[in-house]
Amino acid sequence: MLARAIDQLVRREGPRVLAGLIRWSGDFDLAEEAFQAACTQALESWPRRGLPDRPGGWLTTVARRRAVDLLRRRRPDVPLEGPLAEALAAEGGGPVEAPPEVEDDRLRLLFTVCHPALAPAAQIALALRTLCGLTTQEIARAHLEPEATTAQRLVRAKRKIADARIPFQVPAADRLAERLEGVLSTIYLVFNEGFSATGGESWIRPDLCAEAIRLGRLVVELLPGEAEAEGLLALMLLHDARRPARTAADGALVPLEEQDRRRWSPELIAEGTLVLDRAVARASPGPYQLQAAIAALHARAARPEDTDWPQIAALYGALLRHSPGPIVELNAAVAVAMAHGPEAGLAWMERLDRSGELAGYHLLPAAQADLLRRLGRADEARAAYARALELVRHPAERRFLERRLAELG
Amino acid sequence: MQYIVLIYGSEKGWSSMSKPQVEQMYAEYRQYSHDLGAAGVLRGGSELKPTSAATTVRLRGGKRQVTDGPFAETKEQLGGYYLIEVPDLESALDWAARCPSARDGSIEVRPLAQMAEG
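Laid out in structure tokens, this is it:
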């Protein structure tokens, strides 16, 4: 019981402590190793001696001592420099004192681990490891890859940070918007990996969704006033609200219009809507806010037939202007079909099909099949479902498409 | 920290440029080199002759193999480099992004391996 409480406390304080250690030592690897050692020590010491007044400060001080030890052992021949040398000089075995915290350390860490000079998969692994406190094993499990692969990815990323000297800093004001875009897209990748898992039997991996939302909250907290950061958080909350209704008992995907809307989370919808309203009030629109606004309109409809499709189609139009692309077009075509009749949507989808931009993407024939089904053109619908089934990979989606095909008789 | 800024671009693109375009490009490079120098970060660099002037040598089993051309045929070719000394990757990328060829070519930034520190 106590061990669990301590574990939670360490997880909560961890990212802040680790971020501070990285800034202090200028050495990602060393900071992490020392931090792990301090956590282990906390688990041993706290149950016996009771919780310190400021657990974060305790962890920091113990980790700093540990870092100095480690460095001495690693390079006994090299005299210490900078803050590490000062720490060594000050080390008198006195009481464990809490050093001052620099509030934006976690923000520096966020921008460092999401630096575009690191591969996206490495950014994700590093963010989960350092800012969410996940273990290598947990990250590997979430991405369905062998633990050794994740460990290797983390080692390589840390080596690149050190070798190329990626600075531990918040980007300058003129570069902030561009870099924030990268940070948000990394967080959204984590969320999507959790929300529509591409591998494995389970359609949704809620642990990754929760971690992405946690990161989204962190950005909003650390960079107040950024409308798109709020837009992303709202988008994730509103999507996550539908999670309980998205999967049937047999694991099959349940499409939006068939979901039991009573199972949507009213708390998450309320929070997502609130965050979105705050973002929109800043009058600085962007793709995440537009997608969140679309999700909010779905969330607001008590029954599928109450959905404000004309408004959703208009929002997709705006989204296309912000971030054009064939997948957004496909979604816009679906909205147009729902707002103005299946024929209008079908015509758009046929243009997309001819362009070849979505060749191999199962959701295009699946969407065409759905509209053909609504129009009662059963033969064409069957052919389109068959094409979608040739391309679909995830078992949960496959079961859904097979069911639809079977319903056509 | 020293970084090498490797400038890759299409040689075909260069040779198909008009004379005023070439002059304009050189003027931009002179300005860029001047800016690097004025900021105190320039440690060296040069434009390279085209890959048609390149020769590649390998020693295999103690025997020299000399071949015409660059070591690999690529769509974009190494056309020049700068050696700069800046605090970190962020500043190196800032400088690389200002290189005139960043607009149509690719600039690779790599830290130099430091021989024994200190």
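So the protein sequences, as listed, match chains A and B.
Note that the first sequence covers residues 251 to 659 in my numbering.
Note that the second sequence covers residues 24 to 141 in my numbering.
Where a beta carbon is used, it is the ideal one built from N, C-alpha and C, also for glycine.
query	result
So, residue 281 of chain A versus residue 317 of chain A, is the Cβ gap smaller than 8 Å?	yes
Could you tell me whether the Cβ atoms of residue 551 of chain A and residue 526 of chain A are closer together than 8 Å?	no
Quick check on this structure: which residue in A:654, A:489 and A:358 has the alpha carbon closest to the alpha carbon of residue 278 of chain A?	A:358
Using CA coordinates, which residue listed in A:628, A:615 and A:640 is at the minimum distance from residue 634 of chain A?	A:615
Determine the extent of the beta strand (DSSP E) in which residue 436 of chain A is found, giving its start and end residues.	Residue 436 of chain A -> not in any beta strand (DSSP E); alpha helix (DSSP H) instead, spanning 423–445.
Could you give the distance in angstroms between the alpha-carbon of residue 35 of chain B and the alpha-carbon of residue 94 of chain B?	18 Å
Contact check, residue 658 of chain A vs residue 636 of chain A under 8 Å by CB: the rounded distance?	Contact flag wrong, Cβ pair sits at about 11 Å.
Using only alpha-carbon positions, find the residue among A:500, A:481 and A:549 that is nearest to residue 532 of chain A.	A:481
Going along chain B in order, which residues have a C-beta closer than 9 Å to the C-beta of residue 272 of chain A?	Here the premise fails: no neighbours, minimum Cβ distance about 14 Å.
Between residue 599 of chain A and residue 553 of chain A, what straight-line distance do the alpha-carbon atoms span, to the nearest angstrom?	26 Å
Which bits of chain A does residue 134 of chain B rub up against, with CB to CB less than 7 Å?	413, 414 and 415
Using DSSP bridges, identify the partner residues of residue 100 of chain B.	B:32
Could you tell me which of A:501, A:504, A:445 and A:499 sits nearest to residue 488 of chain A, measuring between CA atoms?	A:445
Between which two residues does the alpha helix (DSSP H) harbouring residue 660 of chain A extend?	This structure leaves residue 660 of chain A out entirely; chain A is present only between 251 and 659.
Please report whether the beta-carbon of residue 423 of chain A lies at a distance below 8 Å from any beta-carbon of chain B.	no
If you check the beta carbons only, do residue 271 of chain A and residue 292 of chain A fall under 8 Å apart?	no
Give the straight-line distance between the Cα atoms of residue 323 of chain A and residue 367 of chain A, rounded to the nearest whole angstrom.	31 Å
Does residue 68 of chain B come out as helix, strand or coil in the three-state DSSP assignment?	strand
Beta strand (DSSP E) containing residue 135 of chain B: first to last residue?	Residue 135 of chain B -> no beta strand (DSSP E), and no H or E assigned at all.
Any beta-carbon of chain B closer than 8 Å to the one on residue 367 of chain A?	yes
Would you check if the distance between the CB atom of residue 511 of chain A and the CB atom of residue 495 of chain A is smaller than 8 Å?	yes
At which residue ranges does the stretch 475–552 of chain A contain complete alpha helix (DSSP H) runs of 4 or more residues, listed in the order of the chain?	477–491, 493–496, 516–530 and 537–550
Is the beta carbon of residue 102 of chain B closer than 8 Å to that of residue 70 of chain B?	yes
Between residue 440 of chain A and residue 404 of chain A, how many whole angstroms is the CB-CB distance? I'm expecting something under 8 Å.	Not quite, the Cβ-Cβ distance comes to about 15 Å (not below 8 Å), so this is no contact.
Any Cβ of chain A within less than 8 Å of the Cβ of residue 48 of chain B?	no
Tell me, please, whether the stretch 377–389 of chain A touches the stretch 300–309 of chain A by the rule of three or more beta-carbon pairs shorter than 8 Å.	no
Which same chain residues, not among the five before or five after residue 26 of chain B, have their C-beta less than 6 Å away from its C-beta?	107, 115, 132 and 134
What did DSSP end up calling residue 343 of chain A once you bin it into helix, strand or coil?	Any answer about residue 343 of chain A is weak, because its pLDDT of 47 lies below 50 and its placement is not dependable; what the coordinates show is given next. Three-state DSSP puts residue 343 of chain A in coil, outside helix and strand.
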